[in-house]
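Single-structure report; data block below.
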């Protein structure tokens, strides 16, 4: 079977879906990847995946540019004649589904989160919902990453109950992300936020909580890890980050290709997100590495934490709530912290193993072919 994969980033397809691609290849499928070109694009050739460049502005709203993107995806689909196609992120999902429908190709989208557009009721939000409903009408299955998103899509009539299929996020490679010993003791503990530097990821609330805790817990460390949000809506650029870290309370580690050493250096991973996540990749990786987690009650985030067992849940947009949870963590015994870390690893093994996700994909593809 020839399978077309359409995404808005080579980086994401390679780093978050590599195991899926490899499994599909082991099963004898021929893969074609259509993504914008970036520093990870060369990995497709190394893997034996046919690559097709797909220029795309992931956040652009130009009507002309969007029509060109739709036409380009249609042309790619027509030229390569896939037996099935997979989509990731909003534009590839919508335009890929439309193109595949016209050409009679089964298309399976993956909704990796609803973002902020579904919290609005303006013209743009209504347009996006209409496009989803129209594009997904003939999709055999639609993957969603948390129960709230699935319920919303069905309740709103964007998809049918029969189409909906729940995944545990994108899953995590438990072999690649192995449990490691927690490094800190007592109040000498490190809290690390792993995310792009966006306001919606709770970066400001994390800094607020760190500043409140620092005077009473001088040995605690607070670390930000991830690329700047320059050019993104609600993004914090390098100048913003410099101001936030100028007092020395919070350390900014920038962006790294391999997060494992930084997560291994953390005693607790914190994500105070109020963004409509699918299931945050950073939390899945943290759980796999046996890290206690502090996050919010937002859909997707809360699914990774069993309150008091492998971490704590906090109110969105509340630095005080994050501070309370981190303070509670700092006051826990070393035994209790280690038990919390072990509980995170168990949850990753039982719920978020990427093999669960891969099995869903292979099963749906067999049914669609």
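In my numbering, the protein residues as written are 158 to 526. For each residue, glycine too, the CB sits at the ideal point set by N, CA and C.
- Between the region 313-332 and the region 285-298, the count of C-beta pairs closer than 8 Å reaches three or more; the two stretches touch.
- Here DSSP, grouped into helix, strand and coil, assigns residue 231 to helix.
- Of all alpha-carbon atoms in 345, 286 and 521, the one lying nearest the alpha-carbon of residue 250 is that of 286.
- With contacts defined by Cβ atoms closer than 8 Å, residue 342 and residue 378 do not form a contacting pair.
- Between residue 509 and residue 441, the beta carbon gap of about 5 Å places them in contact (Cβ cut-off 8 Å).
- Minimum Cα-Cα distance from residue 189 among the listed residues 168, 226, 448 and 236 corresponds to 236.
- Beta-bridge partners of residue 265 (DSSP): 243.
- Counting along the chain, residue 364 sits inside the alpha helix (DSSP H) bounded by residues 360-370.
- Fully enclosed alpha helix (DSSP H) runs of no fewer than 4 residues occupy 167-183 and 199-204 of the region 163-215, in order along the chain.
- In the displayed model, residue 509 falls within coil according to three-state DSSP, outside both helix and strand.
- Counting along the chain, the unbroken beta strand (DSSP E) around residue 378 starts and ends at 378-382.
- Between the C-alpha atoms of residue 446 and residue 422 there is a straight-line separation of about 11 Å.
- If you check the CB distance, residue 159 and residue 240 come in under 8 Å.
- Within the DSSP secondary-structure output, residue 519 pairs in no beta bridge.
- About 6 Å separates the Cβ atoms of residue 504 and residue 444, confirming a contact at the 8 Å cut-off.
- Excluding residues up to 5 positions away in sequence, 377, 379 and 406 lie with their Cβ nearer than 8 Å to the Cβ of residue 371 in the same chain.
- Residues of the same chain with a CB within less than 8 Å of the CB of residue 305, apart from the 5 flanking positions on each side, are 456 and 457 in chain order.
- Between the C-alpha atoms of residue 367 and residue 352 there is a straight-line separation of about 17 Å.
- Secondary structure of residue 349 (DSSP, three-state): strand.
- For residue 315, no alpha helix (DSSP H) run applies, since DSSP gives it neither H nor E.
- Close CB contacts of residue 472 within its chain, under the 8 Å cut and outside five residues either way in sequence, are with 453, 454 and 478 (chain order).
- Sequence-distant Cβ neighbours of residue 168 in its own chain, meaning closer than 8 Å and more than five residues away, are 195, 196 and 197.
- For residue 440, the enclosing alpha helix (DSSP H) has its first and last residue at 438-445.
- A straight-line Cα-Cα distance of about 41 Å links residue 495 and residue 192.
- Counted as a single uninterrupted DSSP element, the stretch harbouring residue 481 is not any beta strand (DSSP E) but the alpha helix (DSSP H) occupying residues 476-487.
- Non-local beta-carbon contacts of residue 482 in its own chain, meaning distances under 6 Å to residues more than five positions away in sequence, involve 451, 469 and 471 in chain order.
- A direct Cα-Cα distance of roughly 15 Å separates residue 321 from residue 263.
- As the crow flies, the alpha-carbon of residue 415 is around 12 Å from that of residue 439.
- Residue 424 sits close to residue 340, with the two beta carbons spaced by under 8 Å.
- Per DSSP, the continuous alpha helix (DSSP H) segment holding residue 291 begins and ends at 280-292.
- In the DSSP assignment, residue 401 falls within the unbroken alpha helix (DSSP H) covering 395-401.
- The alpha-carbon of residue 448 is positioned some 38 Å away from that of residue 212.
- Taking a contact as a CB-CB distance under 8 Å, the pair residue 328 and residue 511 counts as one, their CB atoms being some 3 Å apart.
- Counting along the chain, no beta strand (DSSP E) covers residue 390, and no H or E run does either.
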